Amino acid sequence: MVLPWGGLPKTMQIPLFPESASTTADSVDYLYYYLTAVTVVMTTLIFAAVFIFAIKYRRRSEDEIPAPIHGSIRLEIAWSVIPFLIMLTFFWWGAQLFFANASPPADAMDVYAVGKQWMWKIQYPEGQREINELHVPVGRPVKVTLASEDVIHSFFIPAFRLKHDVVPGRYDTMWFNATKPGRYHLFCAEYCGTEHSGMVGWVTVMTEPDYENWLANGGAEGTMVQQGERLFGQYGCVTCHQLDQQGRGPMLRGVYGSRIQLNDGKTILADDAFIRESILNPNAKIVAGYKSDVMPSFQGQISEEGLLQLIVYIKSLAITKAPGTVAAPGTEGKQ
Amino acid sequence: MAEPHGAVAEHNPNLRHHFDSMEQQFDSATLGMWVFLLTEIMFFGGMFCAYMIYRSMYPAAFASTSQHMNPLWGATNTAVLIVSSLSMALAVRAAHLGQQKALQILLLITIFFGLCFLGVKAIEYHEHWVDNKVPLIGGHWDYSNTPEFPNQAQYARQAQILFCFYFFMTGFHAVHMIVGVGLMLTIFAMAHKGKFNSSYFTPVEISGLYWHFVDIVWIFLFPLLYLIGHTKNLI
Amino acid sequence: MHQLPSVRSYVLVWLTLTIMTFVTFYISTIDLGDWNIVVALLIAFFKMMLVILIFMNVKAESPLTKLFVGAGFFWMVLLLGQVAIDYISRTWMPEGKMW
Amino acid sequence: MSTVLQDPRTIETPNYLNAEYGWKSWLFTKDHKRIAVLYIISITVMFFLGGIFAGLIRLELLTPQGDLVNSDTYNKFFTMHGIIMVFFFLIPSIPATLGNFFVPMMIGAKDLAFPRINLLSWYIYIIGALFALSAVVMGGVDTGWTFYTPFSSTFSNTFVITAACGVFVAGFSSILTGLNFIVTIHKMRAPGMTWGRLPLFVWANYATSLIQVLGTPVVAITLALVGLERAFHIGIFDPAIGGDPILFQHMFWFYSHPAVYIMILPGMGVMSELVTCFSRKGVFGYAFVAASSIGIAVIGFLVWGHHMFVTGMSMYASLYFSLLSFLVAVPSAIKIFNWTATMFRGSISYATPMLYAFGFIGLFTIGGLTGLFLATLAVDVHVTDTYFVVAHFHYVMVGGMVMAYMGGMHFWWPKITGRMYPEGWAKFSALLVFVGFNCTFFPQFIAGYLGQPRRYHAYAPEFQVYNVFSTAGATILGVGYIIPFIYFMWSLKYGPIAGNNPWKAKGLEWETTSPPPTYNFETTPIVTEEAYAYATPHKEEHGG
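Written as structure tokens, this is what we have:
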């Protein structure tokens, strides 16, 4: 949004609000307007009171002694309880939005972003990779899985009113549904070293046909599933983890997204985090019926991007079809 | 240096200028020590917090690494500290009652057991050194040949975290013990010179509080560091 | 100043503490699963209370001292507890709404 | 009788300044007032040093390209600005200077309970400051004042350990000051000075001391762990070798959030003194203002997670910390309302300290209310780590705490030195500070909501207009701080003699001579009335 002087040349415009280009952006803005309104009203009241009292009760003679007023319990209760009730509305509204944004819709398409000093490396299930550029279609929920190769970064798109820290050693996710084609800032918002302010890029929101067009160009290295499959062979995973029969390690078909029985009696959902941990720290959770200390750790051997490819590959095995016809995850939405 | 006006008639030589009475001075000193112990609680609390999180993250590694600590030494040291606490408590009691001879003997006993504790701790540290279990010295840390750690760099790292906590926590505790022994020596010297009587024994009282606090920390460190999971090999 | 515990009660406390140390040690040799740590900490807590109340004579101290001792442990629980809130609930995934 | 401070023509009463002479009498003093003066000198040096870094930051941000210095240098600038201002100015500022000087006097004590520990705390502060400054001289630190891991522990190539040592050491100075205050306030009150009669400045300092004593050790241990991690790579906060960086944030903010209350609470205490004195009226709702200080100190420990909503902390922990963050706003609101109500039907003077108090009420209101934006989960996601946070923090710290500090310095300057400052210049610079401050920091709210991330050396060009405003404002603000420094120095020699109670204020500190004698009072005062009993006639001034 731009102030009423929108007719001025672009260099003289003074923006007051960032562009609003996602479904979240508007809902956050409404809450922000509400907060701002309360702030303005309260500030005006306090300023006015101070100003009026200062004028009206100014000291008129040096020896003046005003009559004491000790206080009023009723007033004290009123001005603690009423503001708190107002604040509870902030809390409620903010928490609702926060939780509504917590988990992506089931049909969200996947994008993977890896933060690295000082760039964003983006990859798509279809195999495209780019640096500091993110292309997404308009009107389709997009889930971004975030990983970091070094320090904490933060994936921040002001036009979407969204931000999530990217903490090394784990996966974080965020999702959005862009509403307006255009180019928007992508910032790193968590201080990450020398070129922190250079760790910026652009989010390009495109219409569906444009996006399909863009997807069609590129992906020379094959889809992420294919890239993951390649790594699966390269690192020798395949010697123990067979697809359709029992090896030294658990069979991987149908694992992703299912609940796994562990040897300590607990069960766990096989999600990105679990597969990541199983690759990097295999002893942490042992599937029932298998022994610990069999699989070596791959910590430090596979890049974050490679890990994501492996996960996408294992995810593709969740669908119990013969290999080859597997749809890349994230593309289901299109079918 | 200006003397305070309106000085108390019978001025106790141990009363400092800015206090009105011996009782006020004593109460201030003890309260001061308690507030100091409050900060000490939070100091160790920070370590316990980090310890708690990593223990819950890596329970298996912590449990098996703990086997490298010798719980017998730990238990011995607990018993030693408890004896020293007893003698300290009795020393404070003797100070209250003005029994100067008993005070000095009990302080010596306390110092002796404090030194015993530090001696045992030194033996333990030396054993870890010989076993190459000291994580801060690069290159000594290698689990590849120990049977309970197969060739797992990851596991070794988690084990290393426990050893870091072990050295960090027991190290800080040992520093407190050394300070405590120093304090006790000072108090002993003061007692020997006859500085204390039944109306002035503040330093004995507050050093006693400190000594007991250090004991309490150890009471928690012992099960947390030596007895993780359950002890398999009891020597 | 205030009442001192008798030598007898000091020695009794010392005896209890020593016995408790052996109990801790013994119990650690029995496999109780997750309960080992709970039992060990409970015993440690009991020992701590004995030292605080008798050896440090907080039993006879002013309410102010008791308040400060309590505050210390309360704040430590705040630190541990609130950090634990995060770690315990970190894997709970909300399904689009708050409760 | 030749030092600058002493002028035989004018100051005849024996006082703490003319009790002894020579540098030894200062460096080995155990008098809380002299130690307070030592602290005033040292934190003023640190304030201007931090201010220079602030000026350099603003100068760099005048243009979006990042063309004045390179990015590493810029990163060091904001880090040093943060470390110096937070740990070496804001935290010790009011407690160690005005608190040190006036808490014992206000409760009718001859000194703090442990004068030697008080002196020790100053030396520890100096050692900590030397560590921090040596980090600057050797080449700087670039981690940000928050020392976030794993950047600080593994990736930064600067003098992190030296700076962390400085903060670690300075922490003990803070602990010792807090310890001293707690014991003093509990045990050294004059006869009749009950808890219900304590001046609110004392209540505020008591609450501050609780936080210092309970919180500081945790940050000390956290920074010690960062140092160990950095030196030996043990893996406590580094995810690459099994650590968890979020744990660092928890432990860091366990202290550092309450630490902002260490900074602001004493300022609120000063405010209560100013508003009552210059309205000549007892504070409205004494019990509520006093209790709200303790409330802030306690609830302040329950809210630190609001710094971590987007870090991937558990959603439910976020919910918990968000709710409690709103709760901590209640006691702050109570204070604002009560000060305003105190002015109602008062006799309001426009003396300089009161101008600063007006400024405080206004700016702290804005600072506090914008804090609510940051406690609101969905809005925080957008504005955290942007200039919105920078603006909010500076509104509370500079608009709140520094305003109160300046007000307090003007208020008590006649008591500390026996001299008055020039009123005209003081009013002028108070105005400059207010205008300059708003001009500097208000645009940052808008830039923040637009999405300008903080700690950016170069930024997107559409944010420039706000940054130009900020830099212009910072210039005015800088002048506004330099003028008082000059006229305070001037007044040491040429200021008119103030007399014992130039404001006709209530409170024990005004009943003794100016400057006060070494042990504060000729005889231990006996308190018979409530705090701020302006309606009861003044006692005859003694002394002289």
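Chains C, G, W and R supply the protein sequences, listed in that same order.
Taking numbering that gives the first Met the number 0, the leading residue of the first sequence gets 0, the next gets one more, and so forth.
Taking numbering that gives the first Met the number 0, the leading residue of the second sequence gets 0, the next gets one more, and so forth.
Taking numbering that gives the first Met the number 0, the leading residue of the third sequence gets 0, the next gets one more, and so forth.
Taking numbering that gives the first Met the number 0, the leading residue of the fourth sequence gets 0, the next gets one more, and so forth.
Glycine is no exception: its CB is placed at the ideal position from the N, C-alpha and C atoms.
Since the structure is predicted, the reported quantities are computational estimates derived from the model, not experimental observations.
**Asked** What are the start and end residues of each continuous alpha helix (DSSP H) run of 4 or more residues lying completely inside the region 174-229 of chain G, in chain order?
**Response** 201-220
**Message:** How far does the beta strand (DSSP E) with glutamine 135 of chain C in it extend, from its first residue to its last?
**Reply:** Stepping through the first sequence from its first residue, residue 135 of chain C is reached at position 136. The sequence given here places valine at residue 135 of chain C; glutamine does not occur at that position. Looking at the DSSP string, the run of the beta strand (DSSP E) that includes valine 135 of chain C is 132-136.
**Asked** Taking Cβ to Cβ, would you say proline 216 of chain R is nearer than 8 Å to threonine 109 of chain G?
**Response** Counted from its first residue, the fourth sequence places residue 216 of chain R at position 217. Counted from its first residue, the second sequence places residue 109 of chain G at position 110. No, the Cβ-Cβ distance between proline 216 of chain R and threonine 109 of chain G is not below 8 Å.
**Message:** Taking the straight line between their C-alpha atoms, what separation do you get for histidine 232 of chain R and methionine 168 of chain G?
**Reply:** If you number the fourth sequence from 1, residue 232 of chain R lands on position 233. If you number the second sequence from 1, residue 168 of chain G lands on position 169. So the two alpha carbons sit approximately 17 Å from each other.
**Request:** Answer with buried or exposed for histidine 191 of chain G, where buried requires no fewer than 16 other C-beta atoms within 10 angstroms of its C-beta.
**Result:** Sequence index remark: in the second sequence, residue 191 of chain G carries index 192 (1-based). Classification of histidine 191 of chain G: exposed, given that the 10 Å Cβ count is below 16.
**Prompt:** Taking only runs of the beta strand (DSSP E) that begin and end inside the region 256-322 of chain C, which ones reach a length of at least 3 residues, in chain order?
**Reply:** 258-260, 266-268
**Request:** For serine 313 of chain R, go through chain W and note every residue whose CB falls closer than 9 Å to its CB, in chain order.
**Result:** Your numbering for residue 313 of chain R matches position 314 in the fourth sequence. Correct list: Ile84, Asp85, Tyr86, Ile87, Ser88, Arg89, Thr90, Trp91.
**Asked** What number of angstroms, rounded off, separates the C-alpha of glutamate 211 of chain C from the C-alpha of isoleucine 130 of chain C?
**Response** Against the first sequence, residue 211 of chain C aligns to sequence position 212. Against the first sequence, residue 130 of chain C aligns to sequence position 131. The straight-line gap from Cα to Cα measures roughly 19 Å.
**C-alpha gap between alanine 24 of chain C and leucine 161 of chain C, whole angstroms** = In the first sequence, the residue the question calls residue 24 of chain C occupies position 25. In the first sequence, the residue the question calls residue 161 of chain C occupies position 162. When rounded, the distance between both Cα atoms is 8 Å.
**Request:** Just the chain C side, please: which residues come within less than 7 Å of proline 328 of chain R by C-beta, in chain order?
**Result:** Mapped onto the fourth sequence, residue 328 of chain R falls at position 329. Strictly speaking, residue 328 of chain R in this sequence is alanine, with proline absent from that position. Correct list: Met86.
**Asked** Looking at the C-beta of asparagine 282 of chain C, does it have a partner C-beta in chain G at a distance below 8 Å?
**Response** In the first sequence, the residue the question calls residue 282 of chain C occupies position 283. Taking Cβ atoms only, chain G reaches closer than 8 Å to asparagine 282 of chain C, which makes this a yes.
**Request:** State the Cα-Cα distance for the pair proline 103 of chain R and threonine 183 of chain R, rounded to the nearest angstrom.
**Result:** Taking the fourth sequence and counting its residues from 1, one reaches residue 103 of chain R at position 104. Taking the fourth sequence and counting its residues from 1, one reaches residue 183 of chain R at position 184. Distance between the alpha carbons of proline 103 of chain R and threonine 183 of chain R: 7 Å.
**Amino acids of chain C, ordered along the chain, whose beta-carbon sits closer than 7 Å to that of proline 149 of chain R** = Start at 1 with the first residue of the fourth sequence, and residue 149 of chain R comes out as number 150. Simply Val150, Pro167.
**Asked** Taking only beta-carbon atoms, is serine 206 of chain G less than 8 Å away from chain W?
**Response** In the second sequence, counting from the first residue as 1, residue 206 of chain G sits at position 207. By this cut-off, serine 206 of chain G is not an interface position.
**Asked** Mind pulling the beta strand (DSSP E) runs of 3 or more residues that sit fully within the region 161-193 of chain C?
**Response** 161-165, 171-176, 181-187
**Request:** Evaluate the contact criterion for the region 281-291 of chain C versus the region 193-200 of chain C: three or more CB pairs, one atom per stretch, below 8 Å.
**Result:** no
**Message:** Please state the DSSP three-state secondary structure of serine 291 of chain R.
**Reply:** On the fourth sequence, position 292 is the one that residue 291 of chain R refers to. Serine 291 of chain R: helix per DSSP, three-state reduction.
**Message:** Quick check on methionine 0 of chain G: does DSSP put it in helix, strand or coil?
**Reply:** The count along the second sequence starts at 1 and reaches residue 0 of chain G at position 1. Low per-residue confidence applies at methionine 0 of chain G: pLDDT is 34, beneath 50, and the placement is therefore not dependable, though the value from the model is reported in the following sentence. It is coil, neither helix nor strand.
**Item:** Residue from C/Arg139, C/Gly168, C/Glu189, C/Thr193 with nearest C-alpha to glutamate 207 of chain C
**Value:** Translated into the one-based positions of the first sequence, residue 207 of chain C becomes position 208. Of the candidates C/Arg139, C/Gly168, C/Glu189, C/Thr193, the one whose C-alpha sits nearest the C-alpha of glutamate 207 of chain C is C/Arg139.
**Prompt:** Between valine 204 of chain C and arginine 247 of chain C, which are expected to be in contact by the criterion C-beta below 8 Å, what is the C-beta distance as a whole number of angstroms?
**Reply:** Position 205 of the first sequence holds residue 204 of chain C. Position 248 of the first sequence holds residue 247 of chain C. Between arginine 247 of chain C and valine 204 of chain C the Cβ distance is about 47 Å, and since that is not below 8 Å, they are no contact.
**Message:** If I follow the unbroken beta strand (DSSP E) through isoleucine 156 of chain C, where does it start and stop?
**Reply:** Residue numbering aside, residue 156 of chain C sits at position 157 when the first sequence is read from its first letter. Segment 152-156, the beta strand (DSSP E) holding isoleucine 156 of chain C.
**Request:** For the beta strand (DSSP E) containing proline 104 of chain C, list its first residue and its last residue.
**Result:** Translated into the one-based positions of the first sequence, residue 104 of chain C becomes position 105. Neither: proline 104 of chain C is in no beta strand (DSSP E) and is coded neither H nor E.
**Span separating the alpha-carbon of threonine 145 of chain G from that of threonine 77 of chain G** = Working through the second sequence from its first residue, we reach residue 145 of chain G at position 146. Working through the second sequence from its first residue, we reach residue 77 of chain G at position 78. Because threonine 145 of chain G carries a pLDDT of 47, less than 50, the predicted location of this residue cannot be relied on, and no value is offered for it.
**Alpha-carbon spacing of lysine 65 of chain W relative to alanine 457 of chain R, whole angstroms** = Taking the third sequence and counting its residues from 1, one reaches residue 65 of chain W at position 66. Taking the fourth sequence and counting its residues from 1, one reaches residue 457 of chain R at position 458. Distance between the alpha carbons of lysine 65 of chain W and alanine 457 of chain R: 55 Å.
**Prompt:** In three-state DSSP terms, what is alanine 146 of chain C?
**Reply:** Taking the first sequence and counting its residues from 1, the one referred to as residue 146 of chain C is at position 147. If DSSP states are grouped into helix, strand and coil, alanine 146 of chain C belongs with the strands.
**Classification of histidine 306 of chain R by the beta-carbon crowding that lies within 10 angstroms, buried from 16 upward** = Taking the first residue of the fourth sequence as position 1, residue 306 of chain R is located at position 307. Under this definition histidine 306 of chain R is a buried residue.
**Item:** Ranges of the alpha helix (DSSP H) found wholly within the region 404-451 of chain R, counting only runs of at least 4
**Value:** 422-449
**Message:** Within the continuous alpha helix (DSSP H) that includes tryptophan 502 of chain R, where are the two ends?
**Reply:** Taking the first residue of the fourth sequence as position 1, residue 502 of chain R is located at position 503. Element bounds for tryptophan 502 of chain R: n/a, residue is neither H nor E.
**Request:** Verify the CB distance criterion: does alanine 59 of chain G have a CB-CB separation below 8 Å to chain R?
**Result:** Along the second sequence, one-based indexing puts residue 59 of chain G at 60. So, not an interface residue.
**Message:** For glycine 234 of chain R, which residues in the same chain have their Cβ closer than 7 Å to its Cβ, ignoring the five residues on either side in sequence?
**Reply:** Within the fourth sequence, numbered from 1, the residue matching residue 234 of chain R stands at position 235. Ile240, Gly241, Gly242.
**Request:** Check whether the region 87-98 of chain G touches the region 195-210 of chain G, counting contact only when three or more Cβ pairs, one atom from each stretch, lie closer than 8 Å.
**Result:** yes
**For asparagine 179 of chain R, the nearest candidate out of R/Thr207, R/Leu318, R/Pro198 (CA to CA)** = On the fourth sequence, position 180 is the one that residue 179 of chain R refers to. Minimum Cα distance to asparagine 179 of chain R is reached at R/Thr207.
**Asked** For methionine 105 of chain R, which residues from the same chain have a beta carbon less than 8 Å from its beta carbon, with the 5 sequence-adjacent residues on both sides left out?
**Response** Residue numbering aside, residue 105 of chain R sits at position 106 when the fourth sequence is read from its first letter. Taken in chain order, the residues that qualify are Leu197, Pro198, Phe200, Val201, Gly506, Leu507, Glu508.
**Message:** List, in chain order, every chain C residue whose beta-carbon is nearer than 8 Å to that of valine 378 of chain R.
**Reply:** Counting from one through the fourth sequence, the residue named residue 378 of chain R turns up at place 379. Ordered by position in chain C, the residues that pass the 8 Å Cβ test against valine 378 of chain R are Val27, Leu30, Tyr31, Leu34, Gly93.
**Asked** Which class does glutamine 122 of chain C belong to by DSSP, given the choice of helix, strand or coil?
**Response** Position 123 of the first sequence, counted from the first residue, corresponds to residue 122 of chain C. Here glutamine 122 of chain C sits in strand by DSSP.
**Asked** Does the beta-carbon distance from isoleucine 218 of chain G to threonine 29 of chain G come in below 8 Å?
**Response** Numbered from its first residue, the second sequence carries residue 218 of chain G at position 219. Numbered from its first residue, the second sequence carries residue 29 of chain G at position 30. Going by C-beta atoms, isoleucine 218 of chain G is not nearer than 8 Å to threonine 29 of chain G.
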